[in-house]
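Residue numbers (this note's numbering): 33 to 132.
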């Protein structure tokens with residue numbers, strides 16, 4: 033039986049929080065690219081630790097600190113996520129003041 037979730041060592045908040053203009057994840061990716069010369073989608077735990085230690089906004093990115101609950105480190109496995117049933121009505125507001 034396969035697991036419905038994938039668990040990572042990085043908080044989901046790390047992927048979204050911004051340090052100045054870039055997300056902490058983007059900063060870690062750029063650092064990894066400069067260090068290795070190759071681009072990557074997963075900079076690795078060590079690079080996240082470096083970014084977390086250097087930038088206050090990125091503290092949640094430190095995988096060893098465990099600053100976030102387990103729920104924020106779990107993601108639906110791509111083939112376990114369900115598509116919304118088509119029989120559900122769409123959730124769109126109708127405003128008479130907006131022409132159709």
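Idealized CB from N, CA, C, for every residue including glycine. None of the values given here were measured: they were computed from a predicted structure.
Check, Outcome
"Reference residue 62; option with closest CA among 75, 90 and 53", "75"
"Cβ distance (whole Å) where residue 41 is taken to contact residue 105 below 8 Å", "7 Å"
"Straight-line Cα distance separating residue 129 from residue 66", "53 Å"
"Buried or exposed by the 16-neighbour rule on C-beta atoms within 10 Å, applied to residue 92", "buried"
"Residue 70 (DSSP reduced to helix, strand or coil)", "coil"
"Whether residue 77 touches residue 95 by CB criterion (8 Å)", "yes"
"Same chain only: Cβ atoms within 7 Å of residue 57, ignoring 5 sequence neighbours per side", "46 and 47"
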